[in-house]
Structure formats: C-alpha cells, structure tokens
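The structure appears right after this line, and notes come after that.
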Amino acid sequence: MSDSQLWDDVDAYFTALLSPEDEALQAARRDSDTEGLPRINVTPNQGKLLQLLARLQGARTVLEIGTLGGYSTIWLARALPADGRLITLEYDAHHADVARRNLAHAGLDRIAEVRVGPALESLPKLADENPPPFDLVFIDADKSNNHHYVEWALRLTRAGSLIVLDNVVRGGRVTDPDSADPSVRGTRAALELIAGHPRLEGTAIQTVGAKGHDGFALARVVS
Ligand SMILES: C[S@@+](CC[C@H](N)C(=O)[O-])C[C@H]1O[C@@H](n2cnc3c(N)ncnc32)[C@H](O)[C@@H]1O
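Heads up, the sequence shown is in this note's numbering, so the first residue is 4 and it goes up one at a time.
And the structure:
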C-alpha cells in the first residue's frame, strides 16, 4: 500500500467516526464541484479541528481570509453562538456567490458574511468599521500575502485570540531560504513574524492525510 493510500484510509476512518459531514457540508462540496471551484477546501477532520479550536476559544467572532465555496466557513460558523459573527473575505466573485448559497443552505447566512475583493483591500475597510476584536482568524488565501494577513490579524484581535495559518509546508519547500516561490516566501515571512513578534507565541505542525503532506501554524496573541 502506498503512503498516500494509507493516509487516505486513516483519514476516512477518523472522518467517518469523529467528523462526519451532514447534508449541508456534503451539499457545499457538491455544489462547489458543480460550479467548477477547485478542490482546495479543508478536509472534514480539519474543518472539525477548526470548529473545536473556535469552541475552545469560546469564540463569538471569527475572521476568515479565503472563503472558496464556504466549506471551512460552515465548520467555523457552527462553533459560534446565535448572535456570533463570522466575516469571510474572498477575492473571486463567483466563489463568493457559491459560498453565500452554501451558507444560506446551512442556515448560517445570518452569522456568516462574505465580502468580495482582494483581502488586502477588504481588511483596511473592515478595520475602519472598528469591529470588536476577532477571537479567531483563519488565514487560507493567497499564500504570498500570508505575512500581511498575520499583521492584519494582529490589528484585529485581542490578547488571547488565536490565528491559524493553513498550508505552511509548501511540499517541504518552506525550509528553503532561497526559494523564489512567492507562496513559500510569504509563508516563511509569516512564520518568521510569528517567531519574532513580542505579541505572538506559536508553533507549526506537519500533517498527512487526504490532502497529502501539509501543515498549519497556530499563533496565540499574547498581549
Ligand atoms: C484554499 S482556498 C480557501 C478554502 C476554504 N478556506 C476552505 O477550506 O473551504 C483559497 C481562496 O482564497 C481566495 N483568494 C485568493 N487570493 C485572495 C485574495 N488576495 N484575497 C481574498 N481571497 C483570495 C481564492 O479565490 C480561494 O477561493
């Protein structure tokens, strides 16, 4: 059996037991496929992990950067109380339309709001609204801007907030200080920011599973 088949099988076992999808999550993936969106959403067990992290945070507010069809958004929004608020930022208007539909189908359209545009334009507008600090920020968009997104997350959070950064392994190329790949450079810059920033403490974890070899970074806002 190949390594990837083994990882798939174990992921399938964990998912069926611990993080099965309900009809709305299945519909979100199906609809995203039908609408031609790339299959780059988190897996069900990763979605459940995000949901647990939001619950552990006691989160009332979540900011997501990178919506796609709203699959991770559904997992996260379900961790929030009825008067909670999730704002998710998406560059692509078609992705945003699909996500809005999926969130409405999941009964989450009152909690989750999709904002369209480049996140680096949406974030200053959001900051101008002086929102209450976000309890959790999930960063999963264009990796070249990861360091900017961590900086924005710092501005929009409070002591005790959690920042989650997805896809930090970059096929192992994250270790290459000379990489010309913008995604590697942005990810390394974000990790270095987390490592060196006096207001952050963090770590990064490698994962294997249905999405191959990947990983995420977690950072807690200290002050
Ligand atoms: C990996 S997908 C997000 C997956 C989603 N979080 C999930 O797991 O279901 C990345 C998304 O970020 C969006 N994106 C890319 N660049 C962006 C930018 N500059 N601003 C906002 N969104 C962007 C892409 O269009 C894509 O929909």
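In this text, a Cβ means the ideal position worked out from N, Cα and C, and glycines have one as well.
| Item | Value |
| --- | --- |
| Own chain residues within Cβ distance below 8 Å of Pro185, not counting five before or after | Lys146 and Ser147 |
| Val177 vs Val167 beta-carbon contact at 8 Å | no |
| Neighbour-count burial assignment, Gln29, 16 or more Cβ in a 10 Å radius | exposed |
| Gly174 versus Ala222: straight-line alpha-carbon distance, rounded | 21 Å |
| Gly61, buried or exposed, once every other Cβ within 10 Å from all chains shown has been counted against 16 | exposed |
| Beta-carbon gap between Asn48 and Asp95 smaller than 8 Å | no |
| Beta bridge counterpart(s) of Gly212 as assigned by DSSP | Gly215 |
| Segment limits, beta strand (DSSP E) that includes Leu66 | Thr64 to Ile68 |
| Any non-hydrogen atom of ligand 1 within 7 Å of Leu71 CB | yes |
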